[in-house]
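**Student:** Mind having a look at this structure? Questions to follow.
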Amino acid sequence: MRTEISIKNTKSKFLGKVEELSGESIYACYQCGKCSAGCPSISEMDISPSEIIRLVQLGEEKEVLNSKTIWICASCFTCVTRCPKGVDLAKIMESLRQINLRKNVDYVSPLSIPKEILSQVPQIALVSSLRKFSA
Amino acid sequence: MKISYFPGCTLKTMAKDFEDSALASASCLGIELVELPRWNCCGTVYSLTSDDLIHQVAPIRNLIRVKEQEDNRVVTLCSMCYHTLKRANKLVREDREKLDKLNNLMYREDVKYDGEIEVLHLLEILKNEVSFNQIAKKVKIPLKELKVAPYYGCLLLRPPEIGLDDAENPTILKDFLESIGAEVIDYPYQTECCASYHTVVNVDLVVERAHDILSSAINQGAEAIVLSCPLCGFNLDNRQKEIKEKFSDFKGIPVFYFTQLLALSLGLDEKVCGFELNFVDPRHLLKSKHLTGRV
């Protein structure tokens, strides 16, 4: 992964926004990588969970918000359970999803879900999926 | 013992077998689960952003319903409901300002919530109030020879301050299954995520994950999986159709709610087990072990 870092970005409002929404201290992470090591979804992600935090620390807003990773994370809380610094990465991932969704743009539009899926999956799946993916 | 019971959406539809077997088993063990009047959706996922208070209204309103029943405890069966209700409860117990705001949002409710309700999972009642020893004494058909693999998933266990057992090395399902006489299989994927709601738009992801979990259990000798979440249940049971399409050597394995096996072992009428609702039909397996058709 090649990322151009700039001092301008590290002073962006983005970092403050993520801290405010998640209630977590982004700089508490010292990049041990335990979250990435235990993440069951990492094979599906374009940016690993620990890299996401590092990019947030560096203020790389676009790269983080456009990543597939934030949508693949299903809040299983494995990283939260194991982080030696007590960083709640699930809350950070949720805040990144929310920053996108609060622009009123669906990641998955309810209308795009095929009818056969609607009648196949349990309500619990539909409600949770739309809670996580729709604005 | 009477205790308020919050069913949640899926227990009334696709997981009716879970509810029926749980109510009948609890009753047999002297617990009357009294369904809450006017319960509403718990929200299914807990809102993780600090300012998203509106999504805490649904779970807290359910706790107001419990208070209206003059009960101080509510029991759930579904792992997701358990997580959402318990976590919303923890939030308002620790944050008076948020609790006040929520009460203000629900100004038309007759009672105000003050954090007094305790949210429990049926497994906790079975362990701490009935006790697994007592259950063992009431078992009429021990599930001897049935090799079962417990599957905890995420939300019964994590995060640790919400979970009902050790987040990394849980034993509650194992201890429960041993009390009803089953042979419990150990395997490394017991607490791994099943990919949850991705089952709506990313079936491939669920198929990969469910295949890993089920194959691991099968390789360790499991003949069935046992769990307590209707969403995990759908992903590990119903999605076996898609797993077989992708992995031609995958043989399939029945998936039970823990209460189905409890009802069976207590010698209750097989109708309450609702085995016909299981996607992978478990009846052949149970018959081959001489566990059905005896009562």
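Here the protein sequences come in this chain order: A and B. Going by the working numbering, the first residue of the first sequence is number 1, and it counts up by one from there. Going by the working numbering, the first residue of the second sequence is number 1001, and it counts up by one from there. Here a beta-carbon is modelled for each residue, glycine too, at the ideal position from N, C-alpha and C.
#1: Do C35/A and L89/A have their C-beta atoms within less than 8 Å of each other?
#2: Could you tell me which whole alpha helix (DSSP H) segments of length 4 or greater appear in the stretch 1158 to 1182 of chain B?
#3: For a quick check, are the C-beta atoms of C1232/B and Y1151/B less than 8 Å apart?
#4: How about I119/A: is its C-beta nearer than 8 Å to some C-beta of chain B?
#5: Is it buried or exposed, N1278/B, if we count other Cβ atoms within 10 angstroms and call 16 or more buried?
#6: Within the continuous alpha helix (DSSP H) that includes Y1082/B, where are the two ends?
#7: Determine the chain A residues that contact P1230/B at a beta-carbon separation under 8 Å, and present them in chain order.
#8: For C1256/B, name the three-state secondary structure that DSSP assigns.
#9: Quick one: does R131/A have its CB under 8 Å from some CB of chain B?
#10: CB F1258/B to CB V1226/B, shorter than 8 Å?
#11: Got a sec? Which residues, its chain only, sit under 6 Å from S1265/B by beta carbon, not counting five neighbours each side?
#12: Going along the chain, which unbroken runs of the beta strand (DSSP E) with 3 or more residues stay wholly within the stretch 1020 to 1068 of chain B?
#13: Assign H1198/B to one of two classes, buried (16 or more other C-beta atoms within 10 Å of its C-beta) or exposed (fewer than that).
#14: Of the choices D1175/B, N1089/B and A1210/B, whose alpha-carbon is the least far from that of L1236/B?
#15: Strictly under 8 Å for the Cβ-Cβ distance: is K103/A near chain B by that measure?
#16: Residues of the stretch 14 to 29 of chain A with a CB closer than 8 Å to any CB of chain B: list them in chain order, please.
#17: Here's a check: name, in chain order, each residue in its chain whose Cβ is nearer than 6 Å to the Cβ of Q57/A, leaving out the five neighbours to either side.
#18: Would you mind working out which of Q1190/B, E1070/B, A1136/B and K1147/B sits nearest E1118/B, comparing C-alpha positions?
#19: Mind checking if A1136/B is an interface residue toward chain A, Cβ cutoff 8 Å exclusive?
#20: Taking only beta carbons into account, state which residues of the stretch 1151 to 1171 of chain B come closer than 9 Å to chain A, listed in chain order.
#21: Taking 8 Å as the CB-CB limit, is E94/A close to chain B?
#22: So, under 8 Å CB-CB, K1067/B and V1111/B are touching, yes? Tell me the CB distance rounded to an integer number of Å.
#23: Does the contact criterion of 3 or more C-beta pairs under 8 Å hold for the stretch 1165 to 1179 of chain B versus the stretch 1118 to 1137 of chain B?
#24: Measuring straight from C-alpha to C-alpha, what distance separates K62/A and V18/A?
#25: Would you tell me roughly how many angstroms separate the C-alpha atoms of N1169/B and Y1107/B, rounded to the nearest one?
#26: Between the stretch 37 to 51 of chain A and the stretch 122 to 135 of chain A, do at least 3 Cβ pairs fall closer than 8 Å?
#27: I want to see whether chain B comes within less than 8 Å of P84/A, judged by CB atoms only; does it?
#28: Flag A135/A as yes if its beta-carbon sits less than 8 Å from any beta-carbon of chain B, otherwise no.
#29: Can you name the residues of chain B whose CB is closer than 7 Å to the CB of A74/A?
#30: How many Å lie between C1273/B and S1021/B at the Cα?
#31: Measure from the alpha carbon of W1039/B to the alpha carbon of each residue in C1154/B, Y1005/B, L1048/B and A1263/B, then state which is nearest.
#32: Return the residues of the stretch 44 to 59 of chain A that lie within a Cβ-Cβ distance of less than 7 Å from chain B, sorted by chain order.
#33: Going straight from the alpha carbon of E1109/B to that of N1103/B, what length do you get?
#34: Between which two residues does the alpha helix (DSSP H) containing E1118/B stretch?
#35: Taking A1217/B as the reference, which of D1281/B, F1275/B, V1148/B and P1007/B has the closest Cα?
#36: Flag I113/A as yes if its beta-carbon sits less than 8 Å from any beta-carbon of chain B, otherwise no.
**Tutor:** For this structure:
#1: Less than 8 Å divides the Cβ of C35/A from the Cβ of L89/A.
#2: Runs of the alpha helix (DSSP H) inside the stretch 1158 to 1182 of chain B: 1172 to 1179.
#3: The Cβ-Cβ distance between C1232/B and Y1151/B falls below 8 Å.
#4: It should be pointed out that residue 119/A corresponds to Ser in this sequence rather than to Ile. No, no contact with chain B.
#5: By the C-beta density criterion, N1278/B is buried, having at least 16 other C-beta atoms within 10 angstroms.
#6: Unbroken alpha helix (DSSP H) run through Y1082/B: S1079 to E1094.
#7: In chain order: P122 and I124.
#8: The question names Cys, yet the displayed sequence has Phe at residue 1256/B. F1256/B: strand per DSSP, three-state reduction.
#9: Output row for R131/A: interface = yes.
#10: Here F1258/B is near V1226/B, since their CB atoms are less than 8 Å apart.
#11: Closer than 6 Å at the Cβ level, and outside the excluded window around S1265/B, lie V1139, I1141, L1143 and I1180.
#12: Look at the stretch 1020 to 1068 of chain B and you find these whole runs of beta strand (DSSP E), each 3 residues long or longer: 1032 to 1035.
#13: By the neighbour-count definition (other C-beta atoms within 10 Å, threshold 16), H1198/B is a buried residue.
#14: Considering only alpha carbons, the answer is A1210/B.
#15: Taking a beta-carbon distance threshold of 8 Å, K103/A does not count as an interface residue toward chain B.
#16: For the stretch 14 to 29 of chain A, which is checked against every Cβ of chain B, the residues closer than 8 Å are E20, L21, S22 and G23.
#17: The beta carbon of Q57/A sits closer than 6 Å to the beta carbons of I26 from its chain, once the five residues preceding and following it are set aside; these are given in chain order.
#18: Closest option to E1118/B, Cα to Cα, is E1070/B.
#19: Using beta-carbon distances, A1136/B does not count as an interface residue toward chain A, since no partner is under 8 Å.
#20: Here the close residues are G1153, C1154, L1155, L1157, R1158, P1159, P1160, I1162, G1163, A1167 and E1168.
#21: Yes, E94/A lies at the interface with chain B (some Cβ there is under 8 Å from its Cβ).
#22: Taking a contact as a CB-CB distance under 8 Å, the pair K1067/B and V1111/B counts as one, their CB atoms being some 5 Å apart.
#23: Here the stretch 1165 to 1179 of chain B lies against the stretch 1118 to 1137 of chain B, with 3 or more beta-carbon pairs under 8 Å apart.
#24: Computed Cα separation, rounded: 13 Å.
#25: One C-alpha to the other measures close to 43 Å.
#26: The answer is no - the stretch 122 to 135 of chain A does not touch the stretch 37 to 51 of chain A, with fewer than three Cβ pairs under 8 Å.
#27: Taking 8 Å as the CB threshold, P84/A stays off the interface with chain B.
#28: No, no contact with chain B.
#29: Result: C1193, A1195, S1196, Y1197 and H1198.
#30: Distance between the alpha carbons of C1273/B and S1021/B: 5 Å.
#31: Measuring from the Cα of W1039/B, the nearest candidate turns out to be Y1005/B.
#32: Contact residues of the stretch 44 to 59 of chain A toward chain B are E44 (C-beta to C-beta distance below 7 Å).
#33: Distance from the CA atom of E1109/B to the CA atom of N1103/B, rounded to whole angstroms, is 8 Å.
#34: Taken as a continuous stretch (DSSP letters only), E1118/B belongs to no alpha helix (DSSP H), being part of the beta strand (DSSP E) at E1118 to H1121.
#35: Looking at the Cα atoms, V1148/B is the closest of the given residues.
#36: Yes, because at least one Cβ of chain B sits closer than 8 Å to the Cβ of I113/A.
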